[in-house]
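What follows is a short report on a single structure.
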Amino acid sequence: MIVGALALAGVAVAMAQGPAPAAGVQKVRFGGDRNETRIVIDLDRAASGKLLADGATDRRVVIGLPNVTVAGDLQGAGQGLVERWAIDEAAGGARLRLDLKANAEVRRRFLLPPGDGASAYRYVIDLKSTDAPGAQAPALRPTLVSAPVKASALRLKKVIVIDAGHGGKDPGSSGANTAEKDVTLAAAKALKARLEKSGRYTVVMTRQSDTFVPLEARVQVARRADADLFISLHADSGPDAATRGASVYTLSEKGTERVARVLEKDDWLMKANLPGRDRAVSQILLDLSQRATKNRSAAFAETLLQSVGEETVLLRRSHRDAGFIVLLAPDIPAVLLEMGFITNVDDEQLLKSSAGRGRLMDAVANSIESYFAAQTRIAAR
Ligand SMILES: [Zn+2]
Numbered sequence: 008m009i010v011g012a013l014a015l016a017g018v019a020v021a022m023a024q025g026p027a028p029a030a031g032v033q034k035v036r037f038g039g040d041r042n043e044t045r046i047v048i049d050l051d052r053a054a055s056g057k058l059l060a061d062g063a064t065d066r067r068v069v070i071g072l073p074n075v076t077v078a079g080d081l082q083g084a085g086q087g088l089v090e091r092w093a094i095d096e097a098a099g100g101a102r103l104r105l106d107l108k109a110n111a112e113v114r115r116r117f118l119l120p121p122g123d124g125a126s127a128y129r130y131v132i133d134l135k136s137t138d139a140p141g142a143q144a145p146a147l148r149p150t151l152v153s154a155p156v157k158a159s160a161l162r163l164k165k166v167i168v169i170d171a172g173h174g175g176k177d178p179g180s181s182g183a184n185t186a187e188k189d190v191t192l193a194a195a196k197a198l199k200a201r202l203e204k205s206g207r208y209t210v211v212m213t214r215q216s217d218t219f220v221p222l223e224a225r226v227q228v229a230r231r232a233d234a235d236l237f238i239s240l241h242a243d244s245g246p247d248a249a250t251r252g253a254s255v256y257t258l259s260e261k262g263t264e265r266v267a268r269v270l271e272k273d274d275w276l277m278k279a280n281l282p283g284r285d286r287a288v289s290q291i292l293l294d295l296s297q298r299a300t301k302n303r304s305a306a307f308a309e310t311l312l313q314s315v316g317e318e319t320v321l322l323r324r325s326h327r328d329a330g331f332i333v334l335l336a337p338d339i340p341a342v343l344l345e346m347g348f349i350t351n352v353d354d355e356q357l358l359k360s361s362a363g364r365g366r367l368m369d370a371v372a373n374s375i376e377s378y379f380a381a382q383t384r385i386a387a388r
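The opening residue of the sequence shown carries number 8 in the working numbering; numbering runs sequentially from there.
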């Protein structure tokens, strides 16, 4: 009974408050090239869009944005597949018009809530060229039309940093006749080839040859590349030759605390960004970014174990955590994959054969695909 009255009261209040306040357009940004172009509309609150014209007949895409306001007519030169764009007021909201340079289709549209260093809601529209491959002009370097923001939200090719464990004077563990540093490099190159073949990834390697690279420098390679994912490849070892199986490490709670200490001491980890912000703000941003990153690392680790588990034996308790330096980057999802035990005959055989490594890296590449597909679905919710 009481519930009924309250609910009624609630509706009355809502009615009294009227419709949801309109979202305001803050910026329109472009990224991508003549194959795929991403348009991002920064909004001060959530909004949805309606495809009013898909551009198939007249190369003009029109998207209605109900309950969105725009201060004056915003317009300008586009980029990639977009010749010119304009946002103006329309009945009940705003309307975005995109005049296309070439034939293209609206591949997807979704809203990104604030997060990952972005304070605005972002309504994202992805266009894909429908002209025959090769018909496009050479790829343009993505540039921002308005104030620079974190680039990753604009990029279409994900940046994957592959870290071949050990190297040079540091051989890592060794099996009967195999050194860890050699199988990690061979596996890293096999994974790079698979990802690049898909055309959906930009791959950066922390080492390409038998060289020694300090752990901190590996993290800085990933930060400079503004990586979307970091995967470190290793081979495990143990006193018992019977022990075998793959496992995945993500950053532990203790490791998270280590980040703060590293920052205190010499800041090598975060040199690249957060300039001019006071420590308190930096700390809050660090915490926020670390939490998001930790969740993503855990999500990727689970997807990876599922895939690898179809190719080889997994170690008991296969998802582990540790404070490894290579996992410390606060804003890059990162895992360390122990591909198997080099001290076990069967695992060593798997790791030293290119066919065995090939199957394992197929599984890793598949899990990267599934991970980003899942991330896109989450973002599109
Ligand atoms: Zn190792």
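C-beta atoms are modelled at their ideal positions from N, C-alpha and C, and glycine is treated no differently.
Only a predicted model underlies this, so the values are computations on that prediction, with no experimental measurement involved.
| Option nearest Asp65 by Cα separation, candidates Asp106, Ser304 and Glu223 | Asp106
| field | Range of the contiguous alpha helix (DSSP H) that encloses Glu223 | value | Leu222 to Arg231
| Taking the Cβ atom as the reference point for each residue, do Glu355 and Gly182 lie within a distance shorter than 8 Å? | yes
| query | Does at least one heavy atom of ligand 1 sit under 7 Å from the Cβ of Ser180? | reply | yes
| task | Taking 8 Å as the cut-off, decide whether the C-beta atoms of Ala186 and Leu240 are in contact. | result | no
| message | Classify Phe219: buried if its beta carbon has 16 or more other beta carbons within 10 angstroms, exposed otherwise. | response | exposed
| said: So the candidates are Asn302, Asp80 and Thr257; which of them puts its Cα closest to the Cα of Phe331? | reply: Thr257
| message | Rounding to the nearest angstrom, what Cα-Cα distance links Lys34 and Ser126 in this structure? | response | 12 Å
| query | How would you call Val352, buried or exposed, if buried means at least 16 neighbouring beta carbons within 10 angstroms? | reply | exposed
| message | Strictly by DSSP, which residues pair up with Lys204? | response | Answer is none; Lys204 lacks a bridge partner.
| Three-state secondary structure (DSSP) of Gly347 | strand
| Extent of the continuous alpha helix (DSSP H) to which Leu358 belongs | Val352 to Lys359
| task | Have a look at Ile169 and Val226 and give me their C-alpha separation to the nearest angstrom. | result | 11 Å
| task | Spell out the partners DSSP gives Met368 in its beta bridges. | result | DSSP, once it has assigned bridges, lists no residue as partnering Met368.
| query | Looking at the structure shown, is Thr137 part of a helix, part of a strand, or coil, going by DSSP? | reply | coil
| request: May I have the straight-line CA-CA distance separating Val131 from Ala249, to the nearest angstrom? | output: 52 Å
| Just reading off the beta strand (DSSP E) that Gly38 is part of, what are its end residues? | Ala30 to Gly39
| request: State the DSSP-derived secondary structure class of Ile46, mapped to helix, strand or coil. | output: strand
| Does DSSP classify Phe117 as helix, strand or coil? | strand
| request: Please name the residue in Gln82, Val210, Ser136 and Pro246 whose C-alpha comes closest to that of Ala229. | output: Val210
| said: Does the beta-carbon of Gly172, which I'm using as the reference point, lie nearer than 7 Å to any heavy atom of ligand 1? | reply: yes
| Beta-carbon proximity check, Arg102 vs Gly62, cutoff 8 Å | no
| query | What number of angstroms, rounded off, separates the C-alpha of Leu50 from the C-alpha of Asn373? | reply | 34 Å
| request: Can you give me the Cβ contacts of Pro340 inside the same chain, cut-off strictly under 6 Å, excluding the 5 residues immediately before and after it? | output: Leu236, Thr300, Arg303, Ser304 and Phe307
| Gly99 vs Asn74 beta-carbon contact at 8 Å | yes
| C-beta atoms of Arg36 and Ala109 nearer than 8 Å | no
| Hey, would you say Arg231 sits closer than 8 Å to Ala171, going by beta carbons? | no
| query | Looking at C-alpha atoms only, which residue of Arg114, Val266 and Ala253 is the closest neighbour of Phe348? | reply | Ala253
| task | Confirm the yes/no value for this check: CB of Glu187, any heavy atom of ligand 1, distance under 7 Å. | result | yes
| message | If you reduce the DSSP assignment to three classes, tell me which class Ser374 lands in. | response | helix
| Is Leu312 closer than 8 Å to Leu321 when the C-beta atoms are compared? | yes
| task | Give the DSSP-derived three-state secondary structure of Gln215 in the structure shown. | result | coil
| message | Just to confirm, is the Cβ distance from Val69 to Leu81 under 8 Å? | response | no
| said: Could you compute how far the alpha carbon of Thr76 sits from the alpha carbon of Phe117? | reply: 18 Å
| request: Would you check whether ligand 1 has a heavy atom nearer than 7 Å to the C-beta of His326? | output: no
| Of all the options Val47, Ala53 and Gly83, which has the alpha carbon lying nearest to the alpha carbon of Pro28? | Ala53
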